[in-house]
Every structure is written in C-alpha cells, then in structure tokens.
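Heads up: the structure comes next, in structure tokens.
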Amino acid sequence: MSTAVHLDEITKRFPGVVANDDVDLTVERGTVHALLGENGAGKTTLMNILYGLYEPTEGTVHVDGKPRDFDSPADAIDAGIGMIHQHFMLVDPMTVAENIVLGNEPRKWFGTTVDRERARQEVIDLSNRYGFDVNPDDAIEDVSVGVQQRVEILKALYRGADILILDEPTAVLTPQEVEELFRVFEELTAQGKTIIFISHKLGEAMHAADDITVLRNGKNVGTVKADETSNEELAELMVGREVLLEPKAEPQEPGDEVLSVQRLSATDNRGVPAVSDVSFDIREGEVFGIAGVDGNGQSQLVEAITGLRTPTEGSISYKGRDITDASRRSRIDDGMAYVPEDRHERGLVMDFDLVQNGILGSQHSPPFAAAGRIHWSDAREHTERIIDEYDVRPPHADADAESFSGGNQQKFIVGREFERDPDFVVATHPTRGVDIGAMEFIHERLLDLRAEGKAILLISSKLDEVQGLSDRLGVMHDGELMDIVDPRNTTEEEIGLLMAGERPDAGATDAEPPVGDAK
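First residue of the sequence shown: 348, per the working numbering; consecutive thereafter.
Following this line, the structure appears as structure tokens:
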C-alpha cells in the first residue's frame with residue numbers, strides 16, 4: 348500500500364497561538380483516515396494546510412511521495428486534493444449539475460457557450476460511477492442536506508480529486524444520512540480514492556475509519572488502527588485523562604410540578620400540523636427527555652413551551668400559572684432558560700461579541716442593567732466567567748461570535764443559559780457539535796442542576812444521551828407523543844420502534860399512563 352499524504356513536522360503559528368505543533372501524519376492510499384480531537388485541537392488548521400488555505404510556519408507537505416508547496420487551494424486541487432467544508436459552498440437556486448461543474452463548465456462553439464447537455468451527462472456519468480443517488484436537474488435549495496453533501500463530493504471528484512478531506516461531515520446529517528455517507532466512503536475507497544475526515548465523534552471514527560490519528564493541543568498524540576482500539580482509549584487520548592462516556596442519572600425523588608403541557612397542538616411555519624395532542628408534566632429535580640428522529644415535531648413543541656410559537660390548541664402551565672400566551676421575555680424573567688436547536692438562528696447574534704451575546708435575554712434586567720443603561724463591566728465579568736467555566740476557546744470576550752467554531756459557540760450558549768440560575772431548563776441538543784470533554788462537562792452540569800431541584804426538558808437525537816440522563820422519556824413520532832417510558836427499564840430496540848411510529852403492546856411500559864393524561 349502506497350502513501351497518499353505525509354505531513355512532516357508541520358507547525359503553524361498564529362499571533363499568540365500555536366495551532367499545530369510539530370505534527371507528523373501519514374495517510375495510506377485507498378483508506379479512510381479519521382482525524383480526531385477536541386474543538387481547538389488543530390484538526391481543521393492541519394487540513395487547511397494540506398488544502399493550501401494556509402502555509403505552514405514549518406514543515407513539509409508530501410503528496411504521493413513528492414514534496415509540495417501549495418500557495419492556494421488551486422495548487423492543491425491540481426495535485427488531486429479536494430476539501431468539503433462543514434458549511435457547504437453551493438449556490439442554492441442553481442441545479443445540482445450547475446453546481447458541480449461551476450467554474451469548470453464544458454464548452455461548445457469555440458468556447459463561447461456552456462454545453463449544458465454535456466455538463467448534465469457528465470454529472471450523470473460521474474454519479475453512476477460512484478453509486479451516488481442525485482438528480483442533476485434538482486435545485487440545491489430543494490434537496491436534503493445529505494444530498495447537498497454528495498453534491499460537494501461530486502464537485503471535488505469532477506475536478507479530479509483523488510484525496511478527499513471532509514471537515515466534520517456528519518455534523519448536520521440525520522443518522523440515516525450518516526450511514527449513507529459511510530457507504531459512500533466504502534465505494535470511493537474501493538475505487539482507489541483516499542478519505543480524510545475530521546471529527547470529534549468516537550463512534551463514527553471507530554465505525555468508518557481504517558486508521559485514526561488523535562490531535563490534542565495541536566500535537567499528534569497517537570495514531571491507531573480502528574479495529575485495535577476502543578472508545579475509552581480514544582477518549583483518553585483526546586482529553587488526556589479518563590472520560591465518563593455514558594451519563595447516568597441516579598434515581599431521586601422528584602418534587603413539585605413545574606411545567607404541565609396539556610393536549611397541546613401546534614403547526615409549523617407553513618401552517619401544517621406539527622404537534623398533535625401532546626401532554627406531559629415535569630417536576631422539580633427531574634429530567635424529562637424527548638427522543639425521536641429530528642423533524643417529528645420536537646422543534647415546534649419546544650418553541651411553544653419557550654414562547655416562540657403560539658399553540659393552536661391546548662395549554663401550558665408553569666409554576667401553577669397558565670403561560671400559554673405569555674411572552675418569551677416574561678418566561679425568561681420567570682426563570683426559564685433555553686438552549687436552542689439552532690445556535691445561529693436562536694442562540695447568538697453572530698456579529699456581536701461574546702460580552703454582548705453573554706447577556707442576551709437579560710440585557711434589560713439587574714445585574715446587567717438599571718434605568719435603561721447596561722452595566723458593561725458586570726456583563727464582561729459574567730462573560731469571562733462563562734468562558735472560563737465552560738472552556739470556550741479562544742478565551743477572547745471581545746471576539747465576534749462568528750469567529751468561534753461551532754463547538755465553542757455551543758459551549759458558550761450552554762454556559763449562558765445554565766448560569767441564569769433558572770428554575771426550568773429547556774435543553775435542545777445541548778451537546779451538538781461539542782467535543783468529548785465538553786460533552787462530559789455539560790452532562791455533569793445537567794445532573795448538577797437536577798440535583799439542585801431544577802426541572803429539565805431534554806431533547807436530543809442522541810439516544811444514549813437522552814436515555815442515560817432522563818428520569819422519564821417521551822418518544823415523538825409525526826408530532827405525537829407515542830409513549831412515556833422508564834428509560835432504565837426500556838431497551839433501545841423498544842425506543843427505536845416508538846421512534847418509527849410503532850406503539851408497544853399494552854402494559855409494555857409502566858412509567859406513565861396513556862398519552863393525553865399528564866399524570
């Protein structure tokens with residue numbers, strides 16, 4: 348087996364930061380190589396060097412055994428390297444075929460006109476060659492995220508890529524789309540392509556990769572064969588200590604009711620029914636989890652509870668008062684914290700710095716404001732405490748939110764919401780996009796809040812997370828709460844059937860009476 352890529356003693360320095368520190372990396376041709384590490388470990392910087400976006404401060408890049416000096420991504424593309432970034436670079440109104448050939452369009456009439464039919468046929472041939480299921484005539488804005496990712500891969504292959512770099516490729520995919528992506532990996536490597544994918548997810552690296560290299564604090568701390576390691580070993584390499592991978596909520600007696608949802612229904616933004624006749628309650632010192640495939644009404648349910656959407660039917664009671672029509676601001680003032688599903692849309696103002704983002708939702712209240720004036724010194728102190736406590740990197744309170752990685756944005760939002768001293772926390776995918784060490788910390792903090800008597804609504808597409816942290820678990824499918832079960836006495840298979848819309852036989856679970864009765 349020949350070597351496709353060898354990075355020799357790569358160091359990359361930025362002002363005040365050493366992003367990569369004397370890193371060696373060898374990737375064999377025709378393999379899938381995972382680059383694993385926490386947020387800020389230097390994974391993306393290293394791959395940006397390979398792709399020509401950055402020049403190394405020290406060290407040499409070798410491709411197919413030859414030293415290469417890339418001044419730009421164009422040089423890397425000419426050397427057969429393609430990179431698919433975490434945020435896709437596609438033109439939404441254009442078709443699949445137009446996006447794939449963009450900038451390299453086949454021409455006719457002495458090069459004066461784009462040969463659209465030839466472009467379309469070339470995309471069909473390319474798609475068939477690698478077993479991709481894409482329609483060249485679909486507009487990008489009309490296809491799923493998973494299809495968009497396949498378009499990005501085809502775009503790189505169209506330009507002659509033999510080595511493909513994917514940055515956090517599963518971050519925005521459903522579990523089914525993740526499996527489909529890994530099938531694509533198998534097809535590509537079977538045809539001699541080489542895959543390097545950046546990740547912080549242990550299970551995916553173990554499942555999809557042949558070899559795994561772990562970076563920590565900019566250094567290569569180990570390369571292992573995927574079939575010769577374990578999640579525990581990888582986690583310890585990533586973090587530098589043993590990590591508790593499976594959260595577990597020990598049984599405790601809940602207190603008084605904090606939230607009661609009764610026969611709630613809601614529509615989505617198009618007016619289509621999204622939540623149908625949902626009822627449950629949450630008590631002090633309790634984590635009530637909701638599992639389900641994304642897109643089954645969880646978003647609209649959470650928006651109704653947090654004051655972002657008006658229900659069409661039913662009621663919401665909080666601390667014994669009806670808040671069905673109460674404002675979002677009044678719910679925050681009354682101790683309701685919210686970690687949103689979409690950190691960009693709901694969690695942050697991207698061109699605000701962290702100090703400004705740190706007081707969002709509380710900018711009108713003490714201790715951050717009085718008599719219409721914001722106390723910026725108090726806001727800064729609060730923000731710096733969140734940065735320190737939740738390990739936000741880099742620790743720069745004056746930096747704009749958009750300059751941080753997705754994982755560090757998520758840690759900051761979680762810190763802001765958890766530190767409101769809330770009575771009730773709505774945590775929607777709280778560990779989405781964060782590394783293993785931060786995930787462990789967030790889990791511990793959720794359990795601390797539970798121990799303090801807070802009521803918590805946890806929504807997560809990670810079944811092990813929501814099952815391990817919840818005292819009771821509701822499962823949603825197609826807008827309905829299929830059942831409420833005891834997660835300690837219910838198997839993943841039984842939960843999976845509920846997620847697919849199949850109710851168990853009567854008496855299969857005993858954590859809750861039939862849906863529609865909150866008690």
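Idealized CB from N, CA, C, for every residue including glycine.
With a 10 Å radius around the Cβ and a threshold of 16 neighbouring Cβ atoms, Ser349 comes out exposed.
In the three-state DSSP reduction, Tyr477 falls in the coil class, being neither helix nor strand. For Glu633 and Arg835, the gap between their C-alpha atoms comes out near 14 Å. Less than 7 Å separates the beta-carbon of Val822 from that of Gly639.
Residue range 428 to 431 is occupied by the beta strand (DSSP E) that includes Gly429. Asn643 is the residue among Asp745, Glu488, Asn643, Ile487 whose C-alpha sits nearest the C-alpha of Ser807.
For Gln609, the enclosing beta strand (DSSP E) stretches over residues 604 to 614. Assignment of beta strand (DSSP E) within the stretch 563 to 602, counting only whole runs of 3 or more residues, yields 566 to 572 in chain order. Apart from the 5 residues on each side of it in sequence, Thr391 sits with its Cβ closer than 7 Å to the Cβ of Asp514, Ile545 in its chain, given in chain order. Assignment of Ile629 by DSSP, reduced to helix, strand and coil, places it in the strand class. According to the DSSP secondary-structure assignment, Arg792 is paired through a beta bridge with no residue. Of all alpha-carbon atoms in Glu375, Arg376, Met394, the one lying nearest the alpha-carbon of Leu382 is that of Met394. In this structure, DSSP gives Leu655 a state outside helix and strand, which the three-state scheme calls coil. The C-beta separation of Leu354 from Val364 comes to about 19 Å, leaving the pair out of contact by the 8 Å criterion. At the C-beta level, Met553 and Gly384 stay beyond 7 Å of one another. DSSP assignment within the stretch 383 to 430 yields the following whole beta strand (DSSP E) runs of 3 residues or more, N-terminal first: 405 to 410, 413 to 415.
When rounded, the separation of the alpha-carbon atoms in Arg727 and Gly753 is 22 Å. The beta-carbon distance between Glu650 and Gly815, rounded to whole angstroms, is 26 Å. This is too long to meet the 8 Å contact definition. Under DSSP, Met823 shares a beta bridge with Leu828. The Cβ atoms of Arg819 and Ile803 do not sit closer than 7 Å to each other. Taken in chain order, the complete beta strand (DSSP E) segments of 3 or more residues contained in the stretch 735 to 811 are 771 to 775, 802 to 806. Residue state for Phe544 is assigned as strand, using DSSP reduced to three classes. Contact between Arg630 and Asn386 does not hold, since their C-beta atoms are separated by about 34 Å, which reaches or exceeds 8 Å. In the structure shown, Met846 falls within a helical segment according to DSSP collapsed to helix, strand and coil. Per DSSP, Arg678 is one residue of the alpha helix (DSSP H) stretching across 675 to 680.
Listed in chain order, the non-local C-beta contacts of Arg610 below 7 Å within the same chain comprise Asp624, Ser626, Glu660, Gly661, Gly863, local neighbours out to five positions each way being set aside. Taken atom to atom, the span from the alpha-carbon of His434 to that of Asp418 is near 23 Å. Gly719 carries a coil assignment under DSSP once its states are collapsed to helix, strand and coil. The straight-line gap separating the alpha-carbon atoms of Arg617 and Gln647 is approximately 12 Å. In the three-state reduction of the DSSP assignment, Gly493 falls in the helix class.
Taking C-beta atoms as the reference points, Leu562 and Ile542 fail to come closer than 7 Å. Per the coordinates, the alpha-carbon of Ile447 lies some 9 Å from the alpha-carbon of Arg467. Judged by their CB atoms, Gly682 and Asp770 are nearer to each other than the 7 Å cut-off.
With respect to the 7 Å criterion, Ser607 and Ser674 are not classified as neighbours on the basis of their beta carbons.
Annotated three-state conformation of Ala556 is coil, per DSSP. Beta-bridge partners assigned by DSSP to His353: Thr373, His409.
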